[in-house]
Amino acid sequence: MAQELGKGIFLVAAPSLRDPNFRQTVVLLCEHGPEGALGVIVNRPTAMSISEALPQVPIIEGAGHVLYAGGPVQTNQVMLLYRGEPLPENSHPVFDGVCLGGDVGVVERVLTGNGTQDAFRAYLGYSGWGPGQLESEMKTGSWLTLPADSTIVFEKDPSQVWREILLTFGDEYRRYADMPFDPSQN
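My numbering numbers the first residue of the sequence shown as 30 and each following residue consecutively.
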């Protein structure tokens with residue numbers, strides 16, 4: 030069930046994809062166009078907390094939120110993925126109330142909002158493709174696609190995401206779903 034490439038699509042690494050940057054990953058495609066594509070890996074937590082990456086934000090100190098490895102590009106830059114209403118200023122809508130960007134004020138609002146359904150994830154770096162590069166990888170079978178789901182991004186156990194999604198693609202992928210997951214491959 031291949032989806033057309035665009036914002037709000039999950040790129041699921043095919044079992045044959047051996048690139049250590051993307052092996053067993055699920056990438057949320059946040060931008061896609063003639064200039065290329067940009068996304069974040071949603072299932073690769075790091076051992077680092079967000080407060081270590083953003084020490085200038087006192088409210089997140091000790092909050093224990095995990096920092097995710099978003100991809101191999103600009104790994105010194107933190108990107109925020111946010112789910113909630115209203116969407117913050119300076120953000121780029123991706124799908125269904127989920128946006129990329131916003132500022133640290135968004136993080137503060139999420140952390141201080143009692144009972145709010147708002148959520149965020151912070152990613153170190155991102156995944157990027159030049160013009161035509163992702164389309165070429167699609168032709169070689171590197172990626173499977175399906176519509177993104179905010180529950181998978183914000184609520185599921187990252188170590189199970191790739192496996193669970195792979196199982197939805199049918200019997201031909203079932204044997205690959207039990208491949209050992211190695212979250213340290215960032």
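For every residue, glycine included, the Cβ atom is placed at its ideal position computed from N, Cα and C.
- Message: Please report the straight-line C-alpha distance between L34 and T169, rounded to a whole angstrom.
- Response: Reading the sequence shown from its first residue, position 5 is the one you call residue 34. Reading the sequence shown from its first residue, position 140 is the one you call residue 169. Between the C-alpha atoms of L34 and T169 there is a straight-line separation of about 15 Å.
- In whole angstroms, what separates the C-alpha of S45 from that of I181? In the sequence shown, the residue the question calls residue 45 occupies position 16. In the sequence shown, the residue the question calls residue 181 occupies position 152. Approximately 22 Å, taken between the alpha carbons.
- Item | Cross-strand partners of I70 (DSSP beta bridge) | On the sequence shown, position 41 is the one that residue 70 refers to. DSSP, once it has assigned bridges, lists V56 as partnering I70.
- Query: Residue range of the alpha helix (DSSP H) that L175 falls in?
  - Reply: As a working note, residue 175 is residue 146 in the sequence shown. Premise fails: L175 lies in the beta strand (DSSP E), W172 to P176, not in any alpha helix (DSSP H).
- Task: Please work out which residues of its chain come closer than 7 Å, Cβ to Cβ, to E166, disregarding the five sequence neighbours upstream and downstream, and give them in chain order.
- Result: Start at 1 with the first residue of the sequence shown, and residue 166 comes out as number 137. So the qualifying residues of the chain are W172.
- Query: Which residues in the same chain as N72 place their Cβ atom closer than 7 Å to its Cβ, once the five residues preceding and following it in sequence are excluded?
  - Reply: As a working note, residue 72 is residue 43 in the sequence shown. Excluding positions up to five away in sequence, the list reads T54, V55, P187, V190 and W191.
- Item | Span of the alpha helix (DSSP H), counted from its first residue to its last, around S80 | The residue labelled residue 80 in the question sits at position 51 within the sequence shown. Taken as a continuous stretch (DSSP letters only), the alpha helix (DSSP H) holding S80 covers I79 to A82.
- Measure the C-alpha to C-alpha separation of V127 and H94 and round it to an integer number of angstroms. Position 98 of the sequence shown holds residue 127. Position 65 of the sequence shown holds residue 94. Their Cα atoms are separated by approximately 18 Å.
- Straight-line gap, P115 to D125 (C-alpha atoms, nearest Å): Taking the first residue of the sequence shown as 1, we reach residue 115 at position 86. Taking the first residue of the sequence shown as 1, we reach residue 125 at position 96. Roughly 12 Å separates the two Cα atoms.
- Separation of A43 from R204, as counted between CA atoms: In the sequence shown, counting from the first residue as 1, residue 204 sits at position 175. In the sequence shown, counting from the first residue as 1, residue 43 sits at position 14. Computed Cα separation, rounded: 12 Å.
- Message: Quick check on F198: does DSSP put it in helix, strand or coil?
- Response: The count along the sequence shown starts at 1 and reaches residue 198 at position 169. In the structure shown, F198 sits in coil (DSSP, three-state: anything other than H, G, I, E or B).
- Item | For P160, the nearest candidate out of G62, F183 and A76 (CA to CA) | For this step, residue 160 is matched to residue 131 along the sequence shown. Answer by Cα proximity: G62.
- May I have the straight-line CA-CA distance separating Y155 from G37, to the nearest angstrom? If you number the sequence shown from 1, residue 155 lands on position 126. If you number the sequence shown from 1, residue 37 lands on position 8. Rounded to whole angstroms, Y155 to G37 spans 15 Å at the Cα level.
- Task: For G100, count neighbouring Cβ atoms within 10 angstroms of its own Cβ and tell me buried if that reaches 16, exposed if not.
- Result: Here residue 100 is taken as the residue at index 71 of the sequence shown, counted from 1. Per the 10 Å Cβ criterion, buried.
- Whole-angstrom C-beta distance between C59 and L153, which should lie under 8 Å: Locating residue 153 in the sequence shown gives position 124, counting from the first residue. Locating residue 59 in the sequence shown gives position 30, counting from the first residue. Actually they do not touch by this definition, with Cβ atoms about 15 Å apart.
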